[in-house]
Amino acid sequence: MSLSKEHILSLLSEIPDPEIPVITILELGVIRDILVIDDTNIELKITPTYSGCPAMKQIEDDVRKKLTEHGFTSITINTIFSPPWTTDWITPQAKEKLRQYGIAPPETTTEDKSWLTGKTKAIACPRCKSLNTKLISQFGSTACKALYQCNDCLEPFDYFKCI
Ligand SMILES: [Zn+2]
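Position one of the sequence shown corresponds to residue -14 (the numbering used here), numbered consecutively onward.
Below, the structure written as structure tokens:
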């Protein structure tokens, strides 16, 4: 009996993102395709979030471990670079979870090119929702995030950068 694609999806939905444990790797949108070849043989397509993001290796290891526990002995993981991952692939529910976790989720889609014109967008504080915030550093706890501080509640917070 081979596991259905839906079953595989539910297994993968149990794997948290290594950097942000409140969201799953499915919600992050890195799993692009699942091909169940037979009972023991599976092929996955994964698109890395940021090239060189150390979390990707962890995600691959976690996926292999989870699928091995469920009987797959041959697990092929193909890394797909095109189309490139964008923050648009993070599900709306996951963005809300990020906010509750204290990370400002990507505010806009990548269609917004305001960064090209040098105008910085106001990022809402995930705690008090104030737009009166300032950029402290382009790099927060990881390269994928920028560090901001709220001028109202004075809380520093990570902002998940749009790419
Ligand atoms: Zn605040």
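Where a beta carbon is used, it is the ideal one built from N, C-alpha and C, also for glycine.
message = Could you check if E140 belongs to the surroundings of ligand 1, using beta carbon to heavy atom distance under 7 angstroms?
response = Placement of the Cβ of E140 at a distance of less than 7 angstroms from at least one heavy atom of ligand 1 is found.
request  = Using the Cα positions of T32 and R49, report the straight-line distance between them to the nearest angstrom.
outcome  = Taking the straight line joining both Cα atoms gives about 16 angstroms.
ask   = Taking the alpha-carbon positions, what's the I121 to N63 distance?
value = Approximately 37 angstroms, taken between the alpha carbons.
task = Specify, as a first and last residue, the run of the alpha helix (DSSP H) that V21 falls within.
result = Where V21 is concerned, there is no enclosing alpha helix (DSSP H), although the beta strand (DSSP E) it sits in stretches over 16 to 23.
request  = Give the range of the beta strand (DSSP E) segment to which D143 is assigned.
outcome  = It spans 141 to 145 - the beta strand (DSSP E) in which D143 sits, taken as one unbroken run.
C129 CB to nearest heavy atom of ligand 1 below 7 angstroms = Outside the cutoff, so no.
request  = Give the DSSP-derived three-state secondary structure of T72 in the structure shown.
outcome  = In this structure, T72 counts as helix in the three-state DSSP scheme.
task = Please classify Q134: does DSSP put it in a helix, a strand, or coil?
result = It is a strand residue.
request  = Measuring alpha carbon to alpha carbon, tell me which of D23, P3, E92 ends up nearest L15.
outcome  = The question names Leu, yet the displayed sequence has Val at residue 15. Here the closest residue by C-alpha is P3.
Pairwise C-alpha distance: D46 and S126 = Roughly 22 angstroms separates the two Cα atoms.
M41 versus N117: straight-line alpha-carbon distance, rounded = About 33 angstroms.
Coil, strand or helix - I10 by DSSP = Correct three-state label for I10: helix.
ask   = On the three-state DSSP scale, how would you describe L116?
value = In this structure, DSSP gives L116 a state outside helix and strand, which the three-state scheme calls coil.
ask   = Per DSSP, L29 forms a beta bridge with which residues?
value = Its beta-bridge partners are I19, I62.
query = Ends of the alpha helix (DSSP H) at D46?
reply = Unbroken alpha helix (DSSP H) run through D46: 40 to 54.
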